[in-house]
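**Q** Encoded as structure tokens, here's the structure I'll be asking about.
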Amino acid sequence: MLIKRLETTLLLSYYESLLSLLQQLCRTKNGAIHVLNAGLFEAVRDSQLFSADPDIGIDIDNADALRKYYDLLLSVLRVIVCAVFSRGLHNEQMKEQTRGFLTENRPSMVGIFKRLAKIGGDVGAGHDETLRDLAKAYTALVAATDFLAFEDSEVTQFSRPGLFS
């Protein structure tokens with residue numbers, strides 16, 4: 000058990016170091032372009048890190064595991080935010096990729112906002128700051144890409160009855 004915990008701690012430290020390096024690379028436009036072209040969004044999708052539903056998919060009784068999960072989510076989101084803003088939102092492809100990320104990970108985003116608002120149970124002590132930072136990162140991406148307006152237009156487009164159907 001102790002060895003397993005040590006291995007997990009070392010692995011998480013390794014991931015944090017790599018994500019910190021990626022975040023530093025993404026601070027410049029060229030660095031962000033290279034990280035994005037290397038498949039940042041695809042790697043995040045393949046990791047399925049954001050597919051865990053905080054409402055039902057995480058053992059809430061283990062506060063340390065939940066804290067580590069939120070810390071890892073935050074590190075990945077910081078890389079994404081840094082890459083998106085450094086690349087520039089004037090680029091329509093960048094907006095589309097970011098909207099796709101938000102659409103795919105909407106349950107995670109909603110779960111974070113619910114936890115921050117203390118809907119669905121208490122998160123436990125020590126998570127508030129990380130949850131606030133996660134919510135800020137999601138909010139930055141949502142605002143920068145006009146995600147809510149985009150999503151509203153998608154819903155309207157699919158719910159509008161056709162004339163000849």
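In numbering that gives the first Met the number 0, the protein residues as written are 0 to 164.
All C-beta atoms, glycine included, are put in the ideal place defined by N, C-alpha and C.
Note that the structure is predicted; figures quoted are calculated from it, not measured.
Run the CB neighbour count on residue 21, radius 10 Å, all protein chains shown included, and call it buried at 16 or more, exposed below.
**A** Reading the sequence shown from its first residue, position 22 is the one you call residue 21. Buried, because 16 or more other Cβ atoms sit within 10 Å of the Cβ of residue 21.
**Q** Measure the C-alpha to C-alpha separation of residue 115 and residue 105 and round it to an integer number of angstroms.
**A** By 1-based counting over the sequence shown, the position of residue 115 is 116. By 1-based counting over the sequence shown, the position of residue 105 is 106. Going by the C-alpha atoms only, they are around 15 Å apart.
**Q** Take the Cβ of residue 12 as the centre, count every other Cβ of all protein chains shown within 10 Å, and call the residue buried at 16 or more, exposed below.
**A** Residue 12 sits at position 13 when you count from the first residue of the sequence shown. Classification for residue 12: exposed.
**Q** Leaving out five residues before and five after residue 100 in sequence, what residues of the same chain have Cβ atoms less than 6 Å from its Cβ?
**A** Mapped onto the sequence shown, residue 100 falls at position 101. Taken in chain order, the residues that qualify are 40.
**Q** Return yes when the Cβ of residue 138 is within less than 8 Å of the Cβ of residue 88, no when it is not.
**A** Stepping through the sequence shown from its first residue, residue 88 is reached at position 89. Stepping through the sequence shown from its first residue, residue 138 is reached at position 139. No, the Cβ-Cβ distance between residue 88 and residue 138 is not below 8 Å.
**Q** Excluding sequence positions up to five away, which residues of its chain have a Cβ less than 8 Å from the Cβ of residue 85?
**A** Reading the sequence shown from its first residue, position 86 is the one you call residue 85. Excluding residues within five positions, the ones whose Cβ falls inside 8 Å are 25, 26, 27, 28, 30 and 31.
**Q** Is the distance from the Cβ of residue 73 to the Cβ of residue 133 below 8 Å?
**A** Counted from its first residue, the sequence shown places residue 73 at position 74. Counted from its first residue, the sequence shown places residue 133 at position 134. For residue 73 and residue 133, yes; Cβs fall inside 8 Å.
**Q** Decide if residue 107 is buried, meaning its Cβ has at least 16 other Cβ atoms within 10 Å, or exposed.
**A** Taking the first residue of the sequence shown as position 1, residue 107 is located at position 108. Its Cβ being crowded by 16 or more others within 10 Å, residue 107 is buried.
**Q** Quick check on residue 33: does DSSP put it in helix, strand or coil?
**A** The count along the sequence shown starts at 1 and reaches residue 33 at position 34. Three-state DSSP puts residue 33 in a helix.
**Q** Indicate whether residue 125 and residue 66 have their beta-carbon atoms separated by less than 8 Å.
**A** Start at 1 with the first residue of the sequence shown, and residue 125 comes out as number 126. Start at 1 with the first residue of the sequence shown, and residue 66 comes out as number 67. The answer is yes: Cβ separation under 8 Å.
**Q** Could you tell me the boundaries of the alpha helix (DSSP H) in which residue 119 lies?
**A** Looking up residue 119 in the sequence shown gives position 120. It is not in any alpha helix (DSSP H) - residue 119 carries neither H nor E in the DSSP assignment.
**Q** Along the alpha helix (DSSP H) that carries residue 45, what are the first and last residues, could you check?
**A** Here the question's residue 45 lines up with position 46 in the sequence shown. First-last of the alpha helix (DSSP H) with residue 45: 39-46.
**Q** Please confirm whether residue 140 and residue 97 have their CB atoms less than 8 Å apart.
**A** Locating residue 140 in the sequence shown gives position 141, where the first residue counts as 1. Locating residue 97 in the sequence shown gives position 98, where the first residue counts as 1. Yes.
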